[in-house]
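**Student:** One structure, pasted below without further comment.
Number of protein chains: 2
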Amino acid sequence: MRDGDMQRAAEGRREAAAADQAAQADNLALATLLLSAAATLVDGIHGAVMAAGFDDLRPTHGFAFVRISRGDATVGDVAEHLGVTKQAASQLVDELDRKGYVTRRPHPTDARARLLALTPRGWACTRAADRAMADLMEGWAAVLGGKRVAALRADLARVVPVGPLRPAAW
Amino acid sequence: MRDGDMQRAAEGRREAAAADQAAQADNLALATLLLSAAATLVDGIHGAVMAAGFDDLRPTHGFAFVRISRGDATVGDVAEHLGVTKQAASQLVDELDRKGYVTRRPHPTDARARLLALTPRGWACTRAADRAMADLMEGWAAVLGGKRVAALRADLARVVPVGPLRPAAW
DNA sequence: TCCGATAGACAAGCGGCTTGACTAAATAGT
DNA sequence: ACTATTTAGTCAAGCCGCTTGTCTATCGGA
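From first to last, the protein sequence lines are chains A and B. The first sequence begins at 56 in this note's numbering and counts up one residue at a time. The second sequence begins at 56 in this note's numbering and counts up one residue at a time.
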């Protein structure tokens, strides 16, 4: 191999390494942004909900509301939705019951199960959370435009498997 | 007000309500996707790292690596980076030290502080994580194309404040 | 040269989740 | 129809990672 070839090969390796490093930095940046985006959403909504007077709840409770508000939810459904054990979901629902956000009614066809439903207070809290989320997204749309926000949603939907809306304990 | 006006007004309200509901569903979908995207990243990288033999670590440790690998990090820096107390960071670093991922050397100019650095094992783990992240992103690019992935990153950067890369305890 | 501020570690406590064990009710098997 | 297995849910105990509280050693400014 001639010297020129070796030089070009070494230069190629340097360029490839530099490109790798740049790509890696981009990847880390995107990962960080996604983490921060999720945290921003959760914190923003939770803060607004607390400011609205529902200050005895944590974000996890809100995740549970998402499932319970859909109707026909049992404790087991909530557990699956959150990606936690039934025991954890049971405690969570018990707490929501004690605090007046959720009621447990007998299941019409299964005497073992209990059907969960939001109380008026639970619905009020849900509306506050929805408002906060809408406000946040309006802010995003004001910066990016509705079209790019929609593109964001569509692109993510293509690459992200929709799993449980869990408390994210990591 | 004539009857026709009232009818039109009522119809307008119905349409507005329907639009609100659709917008709200879109917002919830985007929020869910962002949460799932973050979880997918964290779980994917963590799983790959564990599979690579570093099975005594949790995602939080990886977040700490991000800061420590940058160099010139103290326990306090890690604490700020993770958004936890100095005590928590101290315990975390202590664990990483015991497990052979991090060393604590005396700070050159401040006898109170300790300068943190990754060991060879720590670097190997970091490389494994970087590889896993790159693989994940390659998968995304294969579906969306590199251009849209870049657009994703750019758009998020415009609306998301870069906060601490914290353990996300919610 | 003090004296408040800072870096870090030690100790105790707590909150939220897990595993384990149990009851009651539904479903399957024969 | 009767038993055996599965399933919904709760009670209890334990664990893990973080927090608050306290302390020492060191830094830096008046």
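All C-beta atoms in this analysis are idealised placements derived from N, C-alpha and C, irrespective of residue type, glycine included. Just so you know, these numbers come straight off a predicted model, no measurement behind them.
Of the residues A:Glu-193, A:Arg-203, A:Ala-168, A:Ala-172, which one's Cα is nearest the Cα of A:Phe-120?
**Tutor:** Translated into positions along the first sequence, residue 120 of chain A becomes position 65. Per the Cα distances, A:Ala-172.
**Student:** Considering B:Ala-172, what are the terminal residues of the beta strand (DSSP E) in which it resides?
**Tutor:** On the second sequence, position 117 is the one that residue 172 of chain B refers to. Its beta strand (DSSP E) spans residues 169–173.
**Student:** For A:Thr-164, which of helix, strand or coil comes out of DSSP?
**Tutor:** As a working mapping, residue 164 of chain A is identified with position 109 in the first sequence. In this structure, A:Thr-164 counts as coil in the three-state DSSP scheme.
**Student:** Nearest chain A C-beta to B:Ser-91 closer than 8 Å, yes or no?
**Tutor:** What you label residue 91 of chain B is simply residue 36 of the second sequence in a count that begins at 1. Closer than 8 Å: yes.
**Student:** B:Leu-207 CB to nearest chain A CB: under 8 Å?
**Tutor:** Position 152 of the second sequence holds residue 207 of chain B. So yes, B:Leu-207 belongs to the interface.
**Student:** Give the DSSP bridge partners of B:Ala-128, in chain order.
**Tutor:** By one-based count along the second sequence, residue 128 of chain B stands at place 73. Per the DSSP secondary-structure output, B:Ala-128 pairs in a beta bridge with B:Leu-171.
**Student:** Go ahead and label A:Arg-213 buried or exposed: buried means 16 or more other beta carbons lie within 10 angstroms of its beta carbon, across all protein chains shown.
**Tutor:** The residue you call residue 213 of chain A lines up with position 158 of the first sequence. Around the C-beta of A:Arg-213, fewer than 16 other C-beta atoms lie within 10 Å, and the residue is accordingly described as exposed.
**Student:** Would you say B:Val-130 faces chain A, with C-beta separation under 8 Å as the test?
**Tutor:** In the second sequence, counting from the first residue as 1, residue 130 of chain B sits at position 75. For B:Val-130, the answer is no, since every Cβ of chain A falls outside 8 Å of its Cβ.
**Student:** Quick check: A:Leu-89 and B:Leu-96, are their CB atoms within less than 8 Å of each other?
**Tutor:** Locating residue 89 of chain A in the first sequence gives position 34, counting from the first residue. Locating residue 96 of chain B in the second sequence gives position 41, counting from the first residue. Yes, the Cβ-Cβ distance between A:Leu-89 and B:Leu-96 is below 8 Å.
**Student:** Considering only the alpha carbon of each residue, which of B:Arg-203, B:Pro-114, B:Asp-149 lies closest to B:Cys-180?
**Tutor:** Locating residue 180 of chain B in the second sequence gives position 125, counting from the first residue. Check the Cα spacing between B:Cys-180 and each of B:Arg-203, B:Pro-114, B:Asp-149: the tightest is with B:Pro-114.
**Student:** Tell me, to the nearest whole angstrom, how far the beta carbon of B:Met-188 is from that of B:Ile-100; I am working on the premise that it is less than 8 Å.
**Tutor:** For the purposes of this step, residue 188 of chain B is identified with residue 133 of the second sequence, where counting begins at 1. For the purposes of this step, residue 100 of chain B is identified with residue 45 of the second sequence, where counting begins at 1. Rounded, the Cβ-Cβ distance is 6 Å, consistent with contact.
**Student:** From A:Pro-175 to A:Arg-167, what does the alpha carbon distance come to, in whole angstroms?
**Tutor:** Locating residue 175 of chain A in the first sequence gives position 120, where the first residue counts as 1. Locating residue 167 of chain A in the first sequence gives position 112, where the first residue counts as 1. Answer to the nearest angstrom: the Cα atoms are 26 Å apart.
**Student:** On the DSSP bridge list, what partners appear for A:Val-157?
**Tutor:** The residue labelled residue 157 of chain A in the question sits at position 102 within the first sequence. Per DSSP, A:Leu-173.
**Student:** Taking only beta carbons into account, state which residues of the segment 106–138 of chain A come closer than 8 Å to chain B, listed in chain order.
**Tutor:** Listed by position, the residues of the segment 106–138 of chain A near chain B (Cβ gap below 8 Å) are Arg-113, Pro-114, Thr-115, Val-121.
**Student:** Listing by chain order, which chain B residues have their CB less than 7 Å from the CB of A:Leu-173?
**Tutor:** Residue mapping note: residue 173 of chain A aligns to position 118 of the first sequence, counting from 1. Result: empty, since nearest Cβ-Cβ is about 16 Å, beyond 7 Å.
**Student:** Is there a Cβ from chain B that is less than 8 Å from the Cβ of A:Gln-79?
**Tutor:** Mapped onto the first sequence, residue 79 of chain A falls at position 24. Closer than 8 Å to some Cβ of chain B, the Cβ of A:Gln-79 qualifies, so yes.
**Student:** Compare the C-alpha of B:Arg-182 against each of A:Leu-83, A:Arg-68, A:Gln-62, A:Met-61 and name the closest.
**Tutor:** Position 127 of the second sequence, counted from the start, is the residue given in the question as residue 182 of chain B. Out of A:Leu-83, A:Arg-68, A:Gln-62, A:Met-61, A:Leu-83 has the C-alpha closest to the C-alpha of B:Arg-182.
**Student:** Closest by CA to B:Leu-147, which one among B:Ala-74, B:Thr-164, B:Asp-111?
**Tutor:** Taking the first residue of the second sequence as position 1, residue 147 of chain B is located at position 92. Answer by Cα proximity: B:Asp-111.
**Student:** Just checking my contact of A:Asp-210 with B:Leu-199 at CB under 8 Å: how many whole Å lie between their CB atoms?
**Tutor:** What you label residue 210 of chain A is simply residue 155 of the first sequence in a count that begins at 1. What you label residue 199 of chain B is simply residue 144 of the second sequence in a count that begins at 1. That belief holds up - the Cβ atoms of A:Asp-210 and B:Leu-199 are roughly 5 Å apart, short of 8 Å.
**Student:** Any idea what DSSP makes of B:Phe-109, helix, strand or coil?
**Tutor:** Translated into positions along the second sequence, residue 109 of chain B becomes position 54. Three-state result, B:Phe-109: coil.
**Student:** Applying a beta-carbon distance threshold of less than 8 Å, which residues of chain A neighbour B:Arg-182?
**Tutor:** Within the second sequence, the letter at position 127 stands for residue 182 of chain B. Under the 8 Å cutoff, chain A gives no residues; its nearest Cβ is about 10 Å from B:Arg-182.
**Student:** Less than 8 Å between the beta carbons of B:Leu-220 and B:Phe-109, yes or no?
**Tutor:** Against the second sequence, residue 220 of chain B aligns to sequence position 165. Against the second sequence, residue 109 of chain B aligns to sequence position 54. The Cβ atoms of B:Leu-220 and B:Phe-109 lie no closer than 8 Å to each other.
**Student:** Nearest to B:Ala-107 by alpha carbon, out of B:Arg-203, B:Gly-194, B:Pro-216, B:Ala-184?
**Tutor:** Residue mapping note: residue 107 of chain B aligns to position 52 of the second sequence, counting from 1. Closest option to B:Ala-107, judged by alpha-carbon separation, among B:Arg-203, B:Gly-194, B:Pro-216, B:Ala-184: B:Ala-184.
**Student:** B:Arg-176 CB to nearest chain A CB: under 8 Å?
**Tutor:** The residue you call residue 176 of chain B lines up with position 121 of the second sequence. Not one chain A Cβ lies under 8 Å of B:Arg-176.
**Student:** How many angstroms separate the CA atom of A:Pro-161 from the CA atom of A:Leu-170?
**Tutor:** In the first sequence, counting from the first residue as 1, residue 161 of chain A sits at position 106. In the first sequence, counting from the first residue as 1, residue 170 of chain A sits at position 115. When rounded, the separation of the alpha-carbon atoms in A:Pro-161 and A:Leu-170 is 6 Å.
**Student:** From the beta carbon of A:Arg-213, is the nearest beta carbon of chain B less than 8 Å away?
**Tutor:** Indexing the first sequence from 1 puts residue 213 of chain A at position 158. By this cut-off, A:Arg-213 is an interface position.
**Student:** If I follow the unbroken alpha helix (DSSP H) through B:Val-121, where does it start and stop?
**Tutor:** Start at 1 with the first residue of the second sequence, and residue 121 of chain B comes out as number 66. Per DSSP, B:Val-121 belongs to the alpha helix (DSSP H) from 114–123.
**Student:** Start and end of the alpha helix (DSSP H) containing B:Val-204?
**Tutor:** Start at 1 with the first residue of the second sequence, and residue 204 of chain B comes out as number 149. Per DSSP, the continuous alpha helix (DSSP H) segment holding B:Val-204 begins and ends at 201–214.
**Student:** Look at B:Val-204 and A:Ser-91 and say whether their C-beta atoms are less than 8 Å apart.
**Tutor:** The count along the second sequence starts at 1 and reaches residue 204 of chain B at position 149. The count along the first sequence starts at 1 and reaches residue 91 of chain A at position 36. Taking a C-beta distance under 8 Å as the contact criterion, B:Val-204 and A:Ser-91 do not qualify as a contact pair.
**Student:** If distances are taken between C-alpha atoms only, which option among A:Gln-62, A:Arg-69, A:Gln-79, A:Asp-58 comes closest to B:Leu-191?
**Tutor:** Counting from one through the second sequence, the residue named residue 191 of chain B turns up at place 136. Looking at the Cα atoms, A:Gln-79 is the closest of the given residues.
**Student:** Taking the alpha-carbon positions, what's the A:Met-61 to A:Gln-76 distance?
**Tutor:** Translated into positions along the first sequence, residue 61 of chain A becomes position 6. Translated into positions along the first sequence, residue 76 of chain A becomes position 21. Cα-Cα distance, rounded: 22 Å.
**Student:** Excluding five sequence neighbours on each side, which residues of the same chain lie with their C-beta closer than 7 Å to the C-beta of B:Tyr-156?
**Tutor:** The residue given as residue 156 of chain B occupies position 101 in the second sequence. Closer than 7 Å at Cβ, skipping near neighbours: Leu-173, Thr-174, Arg-176, Gly-177, Cys-180.
**Student:** Using a Cβ cut-off of 9 Å, pull out every chain A residue sitting near B:Ala-144, in sequence order please.
**Tutor:** Start at 1 with the first residue of the second sequence, and residue 144 of chain B comes out as number 89. Those within 9 Å of B:Ala-144 in chain A number zero; the least Cβ separation is about 16 Å.
**Student:** Identify the contact partners of B:Val-217 in chain A, using a Cβ-Cβ distance below 7 Å as the criterion.
**Tutor:** What you label residue 217 of chain B is simply residue 162 of the second sequence in a count that begins at 1. Per Cβ cutoff of 7 Å: Thr-87, Ser-91.
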